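Going by the UniProt record's numbering, the first residue of the sequence shown is number 1, and it counts up by one from there.
Here the structure comes first, spelled out in structure tokens, and everything after it is commentary.
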Amino acid sequence: MNIEQYLNQEIHKALERIFEQEIDPKQVQIQRTKADFEGDFTLVVFPLLRLAKTKPEDAAKRIGEFLVEKSVVFDRFNVVKGFLNLTLSHGFWLNALQDIVQQPDFGFAEKGSGKKIMIEYSSPNTNKPLHLGHIRNNLLGYAVARILEACGNEVVKVNLVNDRGIHICKSMLAWQRWGEGKTPSDLGVKGDKLVGDFYVRFDQEYKKQIEALKQEGKTEDEAKDQAPLILEAREMLRKWEDRDPEVMKLWEQMNSWVYEGFDETYNRLGIEFDKVYYESDTYKKGKELVLNHLEKGLLKKKEDGSVWADLTEDKLDEKILLRSDGTSVYMTQDLGTAVQRFADYDIDQHVYVVGNEQDYHFKVLSLILKKMGYEWATQLFHLSYGMVELPSGKMKSREGTVVDADDLIDTMISTAAKASADSGKLKGMSKADIEYVHKIVALGALKYFILKVDPKKNMLFNPEESIDFNGNTGPFIQYTHARIRSLMRKADIENQLPQFPLSIDLQPKEQELIQQFGHFPNVVAEAGKSMNPGIVANYLFDLVKIFNQFYHDHSVLNETDEDVRNLRLNLSWQTGQIIKNGMWLLGIDVPERM
Ligand code: ARG
Numbered sequence: 001m002n003i004e005q006y007l008n009q010e011i012h013k014a015l016e017r018i019f020e021q022e023i024d025p026k027q028v029q030i031q032r033t034k035a036d037f038e039g040d041f042t043l044v045v046f047p048l049l050r051l052a053k054t055k056p057e058d059a060a061k062r063i064g065e066f067l068v069e070k071s072v073v074f075d076r077f078n079v080v081k082g083f084l085n086l087t088l089s090h091g092f093w094l095n096a097l098q099d100i101v102q103q104p105d106f107g108f109a110e111k112g113s114g115k116k117i118m119i120e121y122s123s124p125n126t127n128k129p130l131h132l133g134h135i136r137n138n139l140l141g142y143a144v145a146r147i148l149e150a151c152g153n154e155v156v157k158v159n160l161v162n163d164r165g166i167h168i169c170k171s172m173l174a175w176q177r178w179g180e181g182k183t184p185s186d187l188g189v190k191g192d193k194l195v196g197d198f199y200v201r202f203d204q205e206y207k208k209q210i211e212a213l214k215q216e217g218k219t220e221d222e223a224k225d226q227a228p229l230i231l232e233a234r235e236m237l238r239k240w241e242d243r244d245p246e247v248m249k250l251w252e253q254m255n256s257w258v259y260e261g262f263d264e265t266y267n268r269l270g271i272e273f274d275k276v277y278y279e280s281d282t283y284k285k286g287k288e289l290v291l292n293h294l295e296k297g298l299l300k301k302k303e304d305g306s307v308w309a310d311l312t313e314d315k316l317d318e319k320i321l322l323r324s325d326g327t328s329v330y331m332t333q334d335l336g337t338a339v340q341r342f343a344d345y346d347i348d349q350h351v352y353v354v355g356n357e358q359d360y361h362f363k364v365l366s367l368i369l370k371k372m373g374y375e376w377a378t379q380l381f382h383l384s385y386g387m388v389e390l391p392s393g394k395m396k397s398r399e400g401t402v403v404d405a406d407d408l409i410d411t412m413i414s415t416a417a418k419a420s421a422d423s424g425k426l427k428g429m430s431k432a433d434i435e436y437v438h439k440i441v442a443l444g445a446l447k448y449f450i451l452k453v454d455p456k457k458n459m460l461f462n463p464e465e466s467i468d469f470n471g472n473t474g475p476f477i478q479y480t481h482a483r484i485r486s487l488m489r490k491a492d493i494e495n496q497l498p499q500f501p502l503s504i505d506l507q508p509k510e511q512e513l514i515q516q517f518g519h520f521p522n523v524v525a526e527a528g529k530s531m532n533p534g535i536v537a538n539y540l541f542d543l544v545k546i547f548n549q550f551y552h553d554h555s556v557l558n559e560t561d562e563d564v565r566n567l568r569l570n571l572s573w574q575t576g577q578i579i580k581n582g583m584w585l586l587g588i589d590v591p592e593r594m
């Protein structure tokens, strides 16, 4: 139970005694006291006026007097119009702290108290390596999965790989033609990069052919349509659809190179999945589904044989689902994938982490599934996020447009190494330990900087700013954690927290810290409801700021009053604990030393 729920219950009990009748819990409304007033929590008295039959001020006074007299929780009160501002006693806060430090999972809801939710993220195409956009996607998906789990839900994390279609055939054809049979290990490159390079190579050669055809007098469209390379790629796709053994073998081999490369990047990022779906499996299911509903009359066939869903009644367009040659489109696959997933897992909800350029796609997807009669169609949620870019001038990518994910991770690690060499903080640590710290600081910087931003917003990722030890950054928070852990080692209380009595006179910064601890469960719940990890990130930043003020103003290890020293050790320990658990929600590791 969090502090607000506890107070709610206390006040509810008291009100029933004051008014001598049962009271609907909805009538008990408490909120944090506004900054301009004295108090910790405020009871809104207006909903109780019918019971009180007096002016709001008198009712508030009566309740306030009762609470302060009868309960040790409340120390004093003041009344502002119909608002009863309550100041909680030091004993209450100290008691709350004793309670909190005993809960290893403080802030996390009970397992199994929620729903079963599937979340899809990453979802790359196999013809291109992962880029900065995928990084935001992966980080968001993974953090939201952990947050939803912490809210008591059972979460299934899935990926959807687009491994079929003309773009893959382009890579395959180019490698067949110009690859000289060389594998990623022959060339010493990652498999996804190799396949991506041949996709680029295809395009270069294709463009040359288009130019040549235009010289011969063809129009642009004719040239694009008739270039020998594109004809061959189409032929290869046709063979793939017919399961031609040679083409299948090449396809499997090149995809396996890609997966090895992707897995390496996921690993470096610390991202994982419970299950991977492949479009090459699900598109057939989608096609079956469409043909089924065509028979039932829900969809319509045009003269050229193409199949469409008419969504004009719902103020959307007509949507093509099968082309005139019977091949399926992106949407067809997604219909099949969704049906497959709800059959594979008994899920209540499905979250898709996909960029906001696909808002329309997901609107159409839910609508078609709803029309097909799937009740769960209303439980599809598109977690739509904005674009992420580097400030201009930073890190030119190989093709000059997108920033490669592996290159960015490398840049982050070298920036972290440079920052730590400059600060001299890691002196005296072994080489392996130093490398470990650089890695988690680099990733902490990257992850935190991206996750602290509301997913809906577009953003710029600035590598240097993200690693600033004095800003709202991952390393700033990681560093505070390391300092707290060092304090614990010095106090020699890593395993057993010391006791403190409830009679201590709390200092304002100490109380503020406990109050901030108390908000953590609400923050987790709020982040889960809105699927916004930024809420957790910014909460942690506030916590760390409060802790640093406390640590600046008060001595801990050198405090001579033993009770006070013990209290402060508890406060420090709990701050470290919440940092660790909060960063875990963001997929960020925290070091013991740095
Ligand atoms: N592979 C697609 C792309 O790169 C994204 C897939 C998103 N997920 C989905 N279920 N449609 O654009």
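Think of the CB as a built atom: it goes at the ideal place given N, C-alpha and C, for glycine as much as any other residue.
In this text the structure is predicted, and so the values were computed from the model without any measurement.
Delimiting residues of the alpha helix (DSSP H) encompassing residue i
| i | result |
| --- | --- |
| G82 | No alpha helix (DSSP H) contains G82, which DSSP labels as neither H nor E. |
| F198 | G191 to Q215 |
| L294 | E279 to E295 |
| N107 | The residue asked about is misnamed: residue 107 is Gly in this sequence, not Asn. Run containing G107: none; DSSP gives neither H nor E here. |
| G518 | P508 to S530 |
| I3 | I3 to F19 |
| Y374 | Taken as a continuous stretch (DSSP letters only), Y374 belongs to no alpha helix (DSSP H), as it is neither H nor E. |
| A223 | E220 to Q226 |
| D51 | Checking the sequence, you will find Leu at residue 51 rather than Asp. It spans L49 to A52 - the alpha helix (DSSP H) in which L51 sits, taken as one unbroken run. |
Bridge partner(s) assigned by DSSP for residue i
| i | result |
| --- | --- |
| Y352 | E120 and H382 |
| I320 | W308 |
| V156 | M118 |
| H131 | D404 |
| F74 | L88 |
| V161 | Y278 |
Collapsed DSSP secondary structure at residue i in the structure displayed
| i | result |
| --- | --- |
| M387 | coil |
| D186 | helix |
| Q577 | helix |
| K490 | helix |
| M254 | helix |
| K301 | strand |
| S430 | coil |
| M248 | helix |
| residue 595 | Lying before the first or after the last residue shown, residue 595 is absent from the chain, which here runs from 1 to 594. |
| residue 597 | Only positions 1 to 594 of the chain appear in this structure, which leaves residue 597 out of reach. |
| M331 | helix |
| M172 | helix |
| L460 | strand |
| G534 | helix |
| K315 | coil |
| E38 | coil |
| T473 | coil |
Residues near residue i by beta carbon distance below 6 Å, same chain, minus five either side
| i | result |
| --- | --- |
| R398 | Reliability fails at R398, whose pLDDT of 47 lies under 50, so the model's placement of it is uncertain and no value is given. |
| K301 | V307 |
| D334 | L365 |
| L15 | I23 |
Nonlocal neighbours in the same chain, by C-beta distance under 8 Å from residue i, ignoring five residues either side
| i | result |
| --- | --- |
| K370 | A377 and T378 |
| Y283 | R164, S328, T332, Q333 and G336 |
| K456 | N356, S384, Y385 and G386 |
Enclosing beta strand (DSSP E) for residue i [first to last residue]
| i | result |
| --- | --- |
| F41 | F41 to V44 |
| Q31 | Q29 to R32 |
Below-9 Å beta-carbon distance, residue i vs any chain D residue
| i | result |
| --- | --- |
| L94 | Judged by its chain identifiers, the structure shown contains no chain D, having just a single protein chain. |
Contacts around residue i, its chain only, beta-carbon distance under 7 Å, and the 5 residues preceding and following it disregarded
| i | result |
| --- | --- |
| L139 | K447, I450, L451 and G587 |
| D454 | N532 and G534 |
| K61 | V79 |
* Report yes or no: do the segment 482-495 and the segment 302-320 share at least 3 C-beta pairs separated by less than 8 Å? => no
* Kindly confirm or deny that the segment 125-136 and the segment 243-262 touch, where touching means at least three C-beta pairs closer than 8 Å. => Between the segment 125-136 and the segment 243-262, the count of C-beta pairs closer than 8 Å reaches three or more; the two stretches touch.
* At least 3 beta-carbon pairs within less than 8 Å: the segment 29-36 vs the segment 44-52 -> yes
* Are the segment 568-577 and the segment 500-517 in contact at 8 Å, needing three or more beta carbon pairs? -> yes
* Touch check for the segment 236-247 and the segment 102-120: three-plus C-beta pairs under 8 Å? -> no
* **Segment contact, 8 Å Cβ cut-off, at least three pairs: the segment 493-506 with the segment 424-441** => Contact fails: fewer than three Cβ-Cβ distances are below 8 Å.
* Asked: Below 8 Å, can you find three or more Cβ-Cβ pairs linking the segment 543-554 to the segment 72-92?
  -> no
* Asked: Is there contact between the segment 178-185 and the segment 285-294, where contact requires at least three CB pairs shorter than 8 Å?
  -> no
* Asked: With contact counted as at least three CB pairs below 8 Å, one residue from each stretch, are the segment 341-356 and the segment 142-159 in contact?
  -> yes
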